[in-house]
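Trainee: The structure follows.
Protein chains: 2
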Amino acid sequence: MKTLRDIGEDALIERLITLVPKDLDPAAGPGDDCAIIDLGPSLPELQLLKTDALVEHIHFLPSAPAEAVGWKAVARVVSDFAAMGGRPGHFLVTLALPAETDLEWVEGLYRGIGACLKRFGGILAGGETSSVPAGSAAVISIAATGWVSRGQQVRRSMGKTGDSLFVTGLLGGSITGKHLNFIPRIVEANWLVSNFLPSAMMDLSDGLAKDLPRLAKASGCGFRVDEALIPLTPGCTVAQGMGDGEDYEMLIAIDQAQAPMLVTEWAKAFPELALTRIGELVELGGGQALSGGWEHFQGITGD
Amino acid sequence: MKTLRDIGEDALIERLITLVPKDLDPAAGPGDDCAIIDLGPSLPELQLLKTDALVEHIHFLPSAPAEAVGWKAVARVVSDFAAMGGRPGHFLVTLALPAETDLEWVEGLYRGIGACLKRFGGILAGGETSSVPAGSAAVISIAATGWVSRGQQVRRSMGKTGDSLFVTGLLGGSITGKHLNFIPRIVEANWLVSNFLPSAMMDLSDGLAKDLPRLAKASGCGFRVDEALIPLTPGCTVAQGMGDGEDYEMLIAIDQAQAPMLVTEWAKAFPELALTRIGELVELGGGQALSGGWEHFQGITGD
Chain H
7 MKTLRDIGED ALIERLITLV PKDLDPAAGP GDDCAIIDLG PSLPELQLLK TDALVEHIHF
67 LPSAPAEAVG WKAVARVVSD FAAMGGRPGH FLVTLALPAE TDLEWVEGLY RGIGACLKRF
127 GGILAGGETS SVPAGSAAVI SIAATGWVSR GQQVRRSMGK TGDSLFVTGL LGGSITGKHL
187 NFIPRIVEAN WLVSNFLPSA MMDLSDGLAK DLPRLAKASG CGFRVDEALI PLTPGCTVAQ
247 GMGDGEDYEM LIAIDQAQAP MLVTEWAKAF PELALTRIGE LVELGGGQAL SGGWEHFQGI
307 TGD
Chain X
7 MKTLRDIGED ALIERLITLV PKDLDPAAGP GDDCAIIDLG PSLPELQLLK TDALVEHIHF
67 LPSAPAEAVG WKAVARVVSD FAAMGGRPGH FLVTLALPAE TDLEWVEGLY RGIGACLKRF
127 GGILAGGETS SVPAGSAAVI SIAATGWVSR GQQVRRSMGK TGDSLFVTGL LGGSITGKHL
187 NFIPRIVEAN WLVSNFLPSA MMDLSDGLAK DLPRLAKASG CGFRVDEALI PLTPGCTVAQ
247 GMGDGEDYEM LIAIDQAQAP MLVTEWAKAF PELALTRIGE LVELGGGQAL SGGWEHFQGI
307 TGD
């Protein structure tokens, strides 16, 4: 018997999406931070759709403050909207919890959800609660609509050879706290797509070593990264910066001709958030391989 | 410490929705089968949003055929769109599964999801997979957009005193198989809202004894039901017909003046599906109480 652990998340998804009807509009298909749906030319924006789940013991520990878990559940989705150049719309919250769950914990969770929605302009439209058997992990699943102005949507797949690669902020060590209380880079991403034309973007959730190859593969490119340039959280090694995951920083590919102006303007707009050029996209087969990063169903891979 | 079991699902939801920002548009708020979002007068339809989860051991047993579980996961959401008078749009699938899960089982699940999407015109737009700790229950969470023509949307809350109450099909005994392979009543519901003006509608997921009081409460009414009129699955008692849950039939409130014509036209349109008048909405405080039905976090209630 072959199990999910044997094949890992990316290969699983590739197999599964062959089994269901797909939209004729390729923009709506799976494989990016969000799905993009065009609801017709009468709307000035495209709709984004996203679902994301937090699982107890995997994405948070039972000892984590409930408010922080609720914040994280929403912030991860906001980060995905940021990665498309968009903004949040309506949210649906699904809670699958053991009947033994402390009511106060659930109320704290909802306060955290509410605080994050309020901060970033999301609206709760509904949700569902279900029990899970005693001893099962709690699951918090968030689904949301978002919006992106026509012409400002950024996909993973439009990077091209020669593009400069940037990351925001510092990478590594998220487990010491940032993974619970991070600020999604939505203000910065919205500024970016309003002022520049990034060719590809995604948020770093599984670690640069896992996510950069995804962006490059989706774009039909290879990549080269100068490890000495990777902006590290103080105290972190390069391996941690590449592999820890849950950074929720933006990985940006942009035409190299725009790169110098971007660096200058970014420093004026966001003096307190680093934007660091770490490498470039190259021709397919001409770049590096990376190891490390978080692999669902398999845990940390390589180093 | 107060737990979720102590307060039950409806009271939990009432407490939680006070903790988050709500849309200024009351149509978008929680409390119906779906949220209704008005995306502006340029669109002839309103958007529906829905999320629904299946939990192993709660909504399906590990021994259930994977294809049937996938079908059920999507069919429950289609049934909710039917209850609003709408139709399915784009779907997001979240799988939270132990790494030990058999890959063939997951592929079977997706084939069932695909079959149900194809049958009812839903489109897969994306999704997510996450691991859960070994021994935890599998959770399959479906989120979807849907659409309803302006003026045809039906809420739970617009029922009025004197309305006749109808149910489709037969109630009770779903656990013997129907809960896995039911046909959502979307063709019938779409016909209904195109030809009549039901004042309230919902799908029966937790049992008539649980769901009818919800519809009546949302409408600010009481209700009277003639138990002798409840259409029972052969072999089921009245208590089973009222309390088993997972019937996925439609509960309809409609002005009594429309009732005779509805009965006549329904019989012509759907000669093989019963439509049965079971009672009426009455003034608040003037009706019955019912016991039984499925209570999340508490299990079966009453007798």
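Respectively, the protein sequence lines represent chains H and X.
If you want our numbering, it's the 1-based position in the first sequence plus 6.
If you want our numbering, it's the 1-based position in the second sequence plus 6.
Cβ coordinates follow ideal geometry from the N, Cα and C atoms, glycine included.
#1: Out of X:50, X:47, X:203, X:214, which one is the CA nearest neighbour of residue 91 of chain X?
#2: Roughly how many angstroms lie between the CA atoms of residue 243 of chain H and residue 175 of chain H, to the nearest whole one?
#3: Rounding to the nearest angstrom, what Cα-Cα distance links residue 68 of chain H and residue 62 of chain H in this structure?
#4: Determine contact between the segment 49-60 of chain H and the segment 133-145 of chain X, defined as no fewer than three beta-carbon pairs at a distance below 8 Å.
#5: So with CB distances below 7 Å, who are the chain X contacts of residue 117 of chain H?
#6: Kindly indicate if chain X contains any beta-carbon less than 8 Å away from that of residue 71 of chain H.
#7: Under 9 Å Cβ-Cβ, which residues of chain X neighbour residue 21 of chain H?
#8: Exposed or buried, which one is residue 235 of chain X when buried takes at least 16 other CB atoms within 10 Å?
#9: CB-CB under 7 Å to residue 16 of chain H, same chain, minus the five flanking residues each way: which ones, in chain order?
#10: Find the nearest neighbour of residue 11 of chain X within the set H:117, H:194, H:106, judged by alpha-carbon distance.
#11: Are at least three pairs of beta-carbons, each pair with one atom in the segment 267-282 of chain X and one in the segment 143-156 of chain X, less than 8 Å apart?
#12: Indicate whether residue 177 of chain H and residue 222 of chain H have their beta-carbon atoms separated by less than 8 Å.
#13: Around the C-beta of residue 110 of chain X, are 16 or more other C-beta atoms found within 10 angstroms, so that it is buried, or is it exposed?
#14: Out of curiosity, what's the CA-to-CA distance linking residue 211 of chain H and residue 257 of chain H?
#15: Taking all protein chains shown into account, decide if residue 208 of chain H is buried (16 or more other Cβ within 10 angstroms of its Cβ) or exposed.
#16: Between the beta-carbon of residue 81 of chain X and the beta-carbon of residue 195 of chain X, is there less than 8 Å?
#17: Note the first and the last residue of the continuous alpha helix (DSSP H) segment covering residue 180 of chain H.
#18: Work out the CA separation of residue 292 of chain H and residue 132 of chain H for me, nearest whole Å.
#19: Quick one: does residue 58 of chain X have its CB under 8 Å from some CB of chain H?
#20: If contacts are defined as beta-carbon pairs under 8 Å, then residue 99 of chain H and residue 130 of chain H qualify, I think. What distance do you get, rounded to the angstrom?
#21: At which residues does the beta strand (DSSP E) containing residue 200 of chain X begin and terminate?
#22: May I ask you to report which of helix, strand or coil DSSP gives residue 63 of chain X?
#23: Chain H partners of residue 7 of chain X, CB-CB under 9 Å?
#24: Report the three-state DSSP secondary structure of residue 30 of chain H (helix, strand or coil).
#25: Looking only at DSSP bridge pairs, what is residue 228 of chain X linked to?
#26: Select from X:73, X:166, X:161 the residue whose C-alpha is nearest the C-alpha of residue 122 of chain X.
#27: What residues in the segment 121-138 of chain H have a beta carbon less than 7 Å from any beta carbon of chain X?
#28: Over what stretch of residues does the beta strand (DSSP E) that includes residue 85 of chain H continue unbroken?
#29: Taking DSSP's pairing of strands, which residues face residue 283 of chain X in a bridge?
#30: Under 8 Å between the Cβ atoms of residue 52 of chain H and residue 44 of chain H?
#31: Based on the DSSP secondary-structure assignment, which residues constitute the bridge partners of residue 152 of chain X?
#32: Who are the Cβ neighbours of residue 205 of chain H in its own chain at under 7 Å, not counting the five residues just before and after it?
#33: What do you get for residue 219 of chain H, buried or exposed, if any count of 16 or more other CB atoms within 10 angstroms of its CB means buried?
#34: For residue 20 of chain X and residue 255 of chain X, what's the separation of their Cα atoms in angstroms?
#35: List the residues of chain X that residue 154 of chain H touches, going by C-beta distances under 7 Å, in chain order.
Mentor: Reading off the structure:
#1: As a working note, residue 91 of chain X is residue 85 in the second sequence. Residue 91 of chain X has its Cα closest to that of X:203, out of X:50, X:47, X:203, X:214.
#2: Residue 243 of chain H sits at position 237 when you count from the first residue of the first sequence. Residue 175 of chain H sits at position 169 when you count from the first residue of the first sequence. Computed Cα separation, rounded: 16 Å.
#3: For this step, residue 68 of chain H is matched to residue 62 along the first sequence. For this step, residue 62 of chain H is matched to residue 56 along the first sequence. Between residue 68 of chain H and residue 62 of chain H, the C-alpha separation is close to 7 Å.
#4: yes
#5: Here the question's residue 117 of chain H lines up with position 111 in the first sequence. The answer, in chain order, is 25.
#6: Within the first sequence, numbered from 1, the residue matching residue 71 of chain H stands at position 65. Not one chain X Cβ lies under 8 Å of residue 71 of chain H.
#7: For this step, residue 21 of chain H is matched to residue 15 along the first sequence. What residue 21 of chain H touches in chain X: 109, 112, 113, 116.
#8: The residue you call residue 235 of chain X lines up with position 229 of the second sequence. Answer is exposed; the Cβ neighbour count stays below 16.
#9: Along the first sequence, read from residue 1 onward, the residue named residue 16 of chain H stands at position 10. There are no such residues.
#10: Here residue 11 of chain X refers to the residue found at position 5 when the second sequence is read from its first residue. For residue 11 of chain X, the nearest C-alpha among the options comes from H:106.
#11: no
#12: Position 171 of the first sequence, counting from 1, holds the residue named residue 177 of chain H. Position 216 of the first sequence, counting from 1, holds the residue named residue 222 of chain H. Cβ atoms of residue 177 of chain H and residue 222 of chain H: not closer than 8 Å.
#13: Taking the first residue of the second sequence as position 1, residue 110 of chain X is located at position 104. Result: exposed.
#14: As a working note, residue 211 of chain H is residue 205 in the first sequence. As a working note, residue 257 of chain H is residue 251 in the first sequence. If you take the alpha carbons of residue 211 of chain H and residue 257 of chain H, they lie about 10 Å apart.
#15: For the purposes of this step, residue 208 of chain H is taken as the residue at position 202 of the first sequence. When all chains shown are included, residue 208 of chain H counts as buried.
#16: Along the second sequence, read from residue 1 onward, the residue named residue 81 of chain X stands at position 75. Along the second sequence, read from residue 1 onward, the residue named residue 195 of chain X stands at position 189. For residue 81 of chain X and residue 195 of chain X, no; Cβs fall outside 8 Å.
#17: In the first sequence, residue 180 of chain H corresponds to position 174, counting from 1. No alpha helix (DSSP H) contains residue 180 of chain H, which DSSP labels as neither H nor E.
#18: The residue given as residue 132 of chain H occupies position 126 in the first sequence. The residue given as residue 292 of chain H occupies position 286 in the first sequence. Straight-line Cα distance between these residues: approximately 48 Å.
#19: Translated into the one-based positions of the second sequence, residue 58 of chain X becomes position 52. Closer than 8 Å: yes.
#20: Counted from its first residue, the first sequence places residue 99 of chain H at position 93. Counted from its first residue, the first sequence places residue 130 of chain H at position 124. With a Cβ gap of about 7 Å, residue 99 of chain H and residue 130 of chain H count as contacting.
#21: Within the second sequence, numbered from 1, the residue matching residue 200 of chain X stands at position 194. Not the beta strand (DSSP E): residue 200 of chain X falls in the alpha helix (DSSP H), residues 192-201.
#22: Within the second sequence, residue 63 of chain X is the residue found at index 57, counting from 1. Coil at residue 63 of chain X, not helix or strand.
#23: Translated into the one-based positions of the second sequence, residue 7 of chain X becomes position 1. Within chain H, the residues near residue 7 of chain X are 108, 109, 110.
#24: Locating residue 30 of chain H in the first sequence gives position 24, counting from the first residue. The predicted position of residue 30 of chain H is uncertain, since its pLDDT is 46 and thus under 50; no value can be drawn from it.
#25: Counting from 1 along the second sequence, the entry for residue 228 of chain X is found at position 222. BP columns for residue 228 of chain X point to X:288.
#26: The count along the second sequence starts at 1 and reaches residue 122 of chain X at position 116. Here the closest residue by C-alpha is X:73.
#27: 123, 124, 129, 130, 131, 132, 133, 134, 135, 136, 137, 138
#28: For the purposes of this step, residue 85 of chain H is taken as the residue at position 79 of the first sequence. Run containing residue 85 of chain H: none in the beta strand (DSSP E); it sits in the alpha helix (DSSP H), 72-89.
#29: Along the second sequence, read from residue 1 onward, the residue named residue 283 of chain X stands at position 277. Partner(s): X:172.
#30: Residue mapping note: residue 52 of chain H aligns to position 46 of the first sequence, counting from 1. Residue mapping note: residue 44 of chain H aligns to position 38 of the first sequence, counting from 1. Cβ distance < 8 Å, so residue 52 of chain H and residue 44 of chain H count as in contact.
#31: Working through the second sequence from its first residue, we reach residue 152 of chain X at position 146. DSSP, once it has assigned bridges, lists X:54, X:94 as partnering residue 152 of chain X.
#32: Looking up residue 205 of chain H in the first sequence gives position 199. 164, 165, 166, 169, 259, 260, 261, listed in sequence order.
#33: For the purposes of this step, residue 219 of chain H is identified with residue 213 of the first sequence, where counting begins at 1. The residue in question, residue 219 of chain H, is buried, as its Cβ has 16 or more Cβ neighbours within 10 Å.
#34: One-based indexing of the second sequence puts residue 20 of chain X at position 14. One-based indexing of the second sequence puts residue 255 of chain X at position 249. Distance between the alpha carbons of residue 20 of chain X and residue 255 of chain X is about 25 Å.
#35: Here residue 154 of chain H is taken as the residue at index 148 of the first sequence, counted from 1. Simply none; closest approach about 14 Å.
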